[in-house]
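Undergrad: Can you keep this structure in mind? I'll have questions shortly.
In the numbering used here, the protein residues as written are 16 to 965.
Structure below.
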C-alpha cells in the first residue's frame, strides 16, 4: 500500500471469525489448534511486490500485533440468525509507517480463522483557506496524544503575513481546524477580492501604497500607473512632472517653476551690482520656490547678499566686483524637484540672464613704485595716484608673493604712508609687489608689478645669525626706544584702569567669592574683574581669491530678529508628527528637560532611524520654551556633514521636542578620555579636520559659535566629528560652569582675549577656541590650563603664555597651527578655510609628521600659574622675573647669555650647573618649555611705517 504524504498514522481494522479449538473432533488437530494469529507489516520505499518479493522470512517482517480471538464459535451455533453479530471479532490497531509504503500479512499458525474484512484508514484535517492563508491536508494525531499539531499556513499569492510570523492553526483528532492565530494581508499594489480568499492587482489608474486589505485609490493628479504594469504600489509621474523623495506618494506630482520675470539692474558702482526680479508665473504647484545666482565671469571672492544659493528674496547684491568689468549674471528659479528634472531634461531649469558692467575706477594706480633690497629686507616706495579724487587716500593695499608660490597665493597688507619695509624674508628669493589705493569703498587698479630678489646668505651672515640672533641696527634701536616709551605710557594708563576696576569689583559684593568657585568669567557693569592689556592691530593676512573656500551661499538669520519665535521655527524647521517618534531611553537630563535616545519613523519610506531627542518638561517656564525654540531655529538653518543635523521639531503637541541625528560616541572630550591613547596621529588630525570643516561652514554662514569646545563636539561611530550645541542662552548647573550665558558668563579657558575683555565675538575668536580644541584632542581630553583660576588663565595669556605640547613627540606643523590660532592679534589668526587646507595637506602627507618638537618631561604645577618670559629678554631679567636671580652668575659663567641659548637646557644640565633644588628646577624648566614653544613658532617681522596686515 502506498501512503500519502499527509498520513503520519494509519488505523488497521480487522474483522474475523475464529472457531473454538474444543469444537474439533480430532485430538491431533486440537493439539495444534490456536486461538490467535499474527498481523505483520513489510515497509518499502517503492512498490517491489512480485512472485518472489517480498520474501517470506519472518525476521524481515515487522510484527504489528498478536491478535487473539475473543469470540469463538462452535458448529452447532451457526444456525442462529445472529451468528455474525455474536461471534464477529473486530480489532483496531495503530501503525506509524516510516517509509512511503508497506505490505501487510496475516500469519496463521494453527487457528481456524475466517477473515471477513481488512480496513486501513487515517484521519486528516482537509486543506483549507482562511484569512488569506492556505493550510494543506494534515494528518491528525490520535485522541490520546497530549497536544494536537500546530500547523503553519502559507500566505496565498500576492499576500504577506501581518506581523513577523505567518498564521497558524490546530488540527484536532477529529479532523477539524480550530483556533487560527494571525492572518495574511494583501501586499502593496493589491486589494482583496469580493470572496475574501485572494488578492488581485489594483486596476489601471489606481494604486495602493501600503499593505492591508483596504481598497485601491485613484492615481493623484499628473500621475499614472507604471507603463510596465509591474506594480501598482504607487503611480509614476507623467512626462514633465516629478516627485521629490520626501514628497508623500499620495500627493500630486509637481514640476519645476518657470523663469524669473523682469530681471533688471537696480544700481551699480565700481564694486557692486544690485539686481531685482519678479517671481515666476508658474511655481510648479509647489511652495518651496527659491533662486540661485550664477555669475559666469565673476572672481571667486565675490560676495552674494543675502545668499547665492537657496535664495528666498527677489533681489541680490553682488559685492567685491572689479571696476569697469562686464558681468553676465544668471538667476535661476528652482523648487524641490528641479534637481530631478535637470537629470532627465537639461533645459528643465528655467532662468533669466542679464549682462551688467560696473562703473570705471575713479582712481589711477599709485605711481613710481620702486623697491630697494638689503640682505633679506626689501623696502618698497611709491607716489600718490595721479589725478584728482574727491577724498584723500584712506590707505594703500600692497600685494606681494614670492616665486615659490607659482602665482597661486599672495599676501596683502595695508599701509598708511608711501612706503613699507619687509624684513625676515627668505634669502635668495624673488618677490613680486603690486600697490593700489583705497578711497572709501573705491579701489584703484593695481600698479604694474615690480620684483626684487633678496641677497644670498653668505658664510659671514650665517655665523653672525647664529652668534647674535637678537642683533639690531641703529635705526631699529631707535624704533625700540620709541616703542618702549609708548609701551610705558600704555602701561601707566592700564594700571590706572586696573585700579579703578579693582575698586569697583570690591564694591560689587562678589569679592568674597573665590575665583575657583566658577570656571566662567562673570561681567560686572560691563567690565571684567581684572585688566587685559589692549593690543595694537599688527596686521592681518588675507589669501588672494584663488585660495578662498567656496561659499555656502546662505547667510545665518538670527531667530531673535523675529517678534514671534514660532515664526522662525516654522521657517527654518520641519514639524514632525509625535506618533512617528519612539523614545527608548533617557541618556541625560537637566532642570527643564531630558535628552533621550529613540527612533524616528519615516512613513513614506518605512525607514526607521536612530535619533537623539531633546524634550522640554511641560511645566517649564516661558524662557526655557523660547530657548529651545531658538536653538531649533538656529540648527534648522545648517546643512553640513560636520554640523549636527536637525531632523525636525515637535511643537504642536506636548512635550516640545528637538529631534537630531544620533551620535553614538557622544561628546568628544568624554570619548577621548575613555579611549586615552587609542588613536594614531592621523586619526586625531582627521577629527580636527572634521571640526574645522564644520566651523568653516558656520563662518561662511556668518554664524559665530561662541562656545566651541570638545564638550560641544559630537562623534559618530565612524569617528566623524560634528559641531553641536547652538543654544545661545542656558541655565548654568551648579556643578558645571563651562557655558556662555546671556547674563555675561563665558568659558574662559576656550575664549579669545578680545572676547573676554570686550565681548567681541567673531569668527576669529572661534579660531582661538579651535586651537584649544586641537590641544584637547592631542591630550585626550585634558582640561586646558589644568586647575588654574580664571584670573591666572587670563594673566597667563596676557603674558604670552600658551599651552605647551604635551605629547612625547608633537608634530611641529600641527603645533605651529595651534600657536597661530592663539595669536593675540585676532586679525593675524588663520581663517577656518585655511585651516582645513592645512589639515588636508597633513593628511595627504603623513611624512610631515616626522618633523616634531621633542617635549621634555616637566612637572607643571596644575594649581598655580608661573608667568612665562618673553623670548627677547636677557637671562638675568628672566631670572629676576622668576625670583631666582641668585642663579644669574651660574648661568653667565656657564655661557648662557641669551634666552635662545638657555631655552634648550634640561634637568641634567641644571644639576650639572649646581641647581639641585627640585622646586627651582621645576620652575625653571616650566618657563623654558614655554620659551621653546615661542621660539619654534615666532613669525616673520614686517615693518611698514604705519602699515598693518589685512
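We put the beta carbon where it would ideally sit given N, CA and C, even for glycine.
Near residue 150, which residues of its chain fall below 7 Å by C-beta distance, leaving aside the five closest residues on each side in sequence?
TA: Only 142, 143, 166, 168, 184 and 192 meet the Cβ criterion.
Undergrad: Between the C-alpha atoms of residue 391 and residue 433, what's the straight-line distance to the nearest angstrom?
TA: Those two C-alpha atoms are separated by around 21 Å.
Undergrad: Could you tell me the distance, in whole angstroms, from the CA atom of residue 612 to the CA atom of residue 571?
TA: Their backbone Cα atoms lie some 29 Å apart in a straight line.
Undergrad: According to DSSP, simplified to helix, strand and coil, what is residue 672?
TA: Correct three-state label for residue 672: strand.
Undergrad: Residue 396 by DSSP, collapsed to three states: which one?
TA: Strand, per DSSP.
Undergrad: Output the distance between the C-alpha atoms of residue 789 and residue 683, rounded to the nearest integer angstrom.
TA: If you take the alpha carbons of residue 789 and residue 683, they lie about 11 Å apart.
Undergrad: Taking the alpha carbon of residue 231 as the reference point, which residue from 216, 242, 237 and 594 has its own alpha carbon closest?
TA: When only C-alpha atoms are compared, the closest one is 216.
Undergrad: Can you tell me whether residue 678 is helix, strand or coil according to DSSP?
TA: DSSP places residue 678 in coil when its eight states are reduced to three.
Undergrad: Grab me the residues of residue 127's own chain with a C-beta within less than 8 Å of its C-beta, minus the 5 sequence neighbours each way, in chain order.
TA: Once the five neighbours on either side are set aside, the close Cβ partners of residue 127 are 33, 34, 36, 39 and 48.
Undergrad: Could you have a look at residue 328 and say whether DSSP puts it in helix, strand or coil?
TA: Coil.
Undergrad: Say whether the segment 685–694 touches the segment 831–848, bearing in mind that this needs 3 or more beta-carbon pairs closer than 8 Å, one atom from each stretch.
TA: The segment 685–694, when compared against the segment 831–848, does not touch it at the 8 Å Cβ threshold.
Undergrad: Could you give the distance in angstroms between the alpha-carbon of residue 643 and the alpha-carbon of residue 762?
TA: Rounded to the nearest angstrom, the two C-alpha atoms are 21 Å apart.
Undergrad: Skipping 5 residues on each side, what residues in its chain have a beta carbon closer than 6 Å to that of residue 838?
TA: Same-chain partners within the cutoff: 844.
Undergrad: For the beta strand (DSSP E) that residue 602 lies in, which residues bound it at each end?
TA: Unbroken beta strand (DSSP E) run through residue 602: 596–604.
Undergrad: Does the beta-carbon distance from residue 138 to residue 190 come in below 8 Å?
TA: Cβ atoms of residue 138 and residue 190: closer than 8 Å.
Undergrad: When DSSP labels each residue in this structure, what does residue 339 get in the three-state scheme?
TA: Reduced to three states, the DSSP call for residue 339 is coil.
Undergrad: Would you list the residues sitting across from residue 169 in a DSSP beta bridge?
TA: Partner(s): 149.
Undergrad: Select from 347, 109, 83 and 116 the residue whose C-alpha is nearest the C-alpha of residue 122.
TA: If we check each option's Cα against that of residue 122, 83 comes out closest.
Undergrad: Only counting the same chain, and skipping five residues up and downstream in sequence, which positions put a Cβ closer than 7 Å to that of residue 114?
TA: Same-chain partners within the cutoff: 58, 59 and 60.
Undergrad: The beta strand (DSSP E) that contains residue 319, what's its start and end?
TA: Run containing residue 319: 318–320, per the beta strand (DSSP E) assignment.
Undergrad: Does the distance from the C-beta atom of residue 826 to that of residue 946 stay below 8 Å?
TA: In this structure, residue 946 does not lie closer than 8 Å to residue 826 by Cβ.
Undergrad: Take residue 449 and list the residues in its own chain whose beta-carbon comes closer than 7 Å to its own, dropping the five residues that flank it on each side.
TA: If we look at residue 449 and ignore the five residues flanking it on each side, its Cβ neighbours are 414, 461, 462 and 464.
Undergrad: So which of 97, 308, 601 and 260 has the shortest CA-CA distance to residue 356?
TA: For the residues 97, 308, 601 and 260, the minimum Cα distance to residue 356 belongs to 260.
Undergrad: Measure the CB-CB distance between residue 29 and residue 100 and report whether it falls below 8 Å.
TA: Contact flag unset, no.
Undergrad: For a quick check, are the C-beta atoms of residue 446 and residue 471 less than 8 Å apart?
TA: It is not a contact, given that the beta carbons lie outside the stated cut-off.
Undergrad: Return the residue from the list 104, 636, 610 and 466 that minimises the CA-CA distance to residue 628.
TA: When each option's Cα is compared against that of residue 628, the closest is 610.
Undergrad: Tell me which residue opens and which closes the alpha helix (DSSP H) that residue 903 is part of.
TA: Per DSSP, residue 903 belongs to the alpha helix (DSSP H) from 903–908.
Undergrad: Return the bridge partner residues of residue 435 from the DSSP annotation.
TA: The partner list for residue 435 (beta bridge, DSSP) reads 395.
Undergrad: Mapping the DSSP letters down to three states, classify residue 27 as helix, strand or coil.
TA: Three-state result, residue 27: strand.
Undergrad: Just mark residue 206 as buried or exposed, buried being the case when its beta carbon has 16 or more other beta carbons within 10 Å.
TA: Buried is the call here.
Undergrad: Output yes or no for whether 8 Å exceeds the beta carbon distance between residue 347 and residue 364.
TA: In contact: residue 347 and residue 364 (Cβ atoms closer than 8 Å).
Undergrad: Are the Cβ atoms of residue 55 and residue 79 separated by less than 8 Å?
TA: Cβ distance < 8 Å, so residue 55 and residue 79 count as in contact.
Undergrad: Contact between the segment 800–809 and the segment 700–707: three or more CB pairs below 8 Å?
TA: These segments do not touch.
Undergrad: At 3 residues or longer, and completely inside the segment 282–313: list those beta strand (DSSP E) runs for me, N to C.
TA: The qualifying runs are 288–293 and 305–310.
Undergrad: With a threshold of 8 Å on Cβ separation, who are the neighbours of residue 339 within its own chain once the five nearest residues in sequence on each side are excluded?
TA: Answer for residue 339: 285, 372, 373, 374, 375 and 376, listed in chain order.
Undergrad: So residue 609 is in the beta strand (DSSP E); what residue range does that whole segment cover?
TA: Where residue 609 is concerned, the enclosing beta strand (DSSP E) stretches over 609–616.
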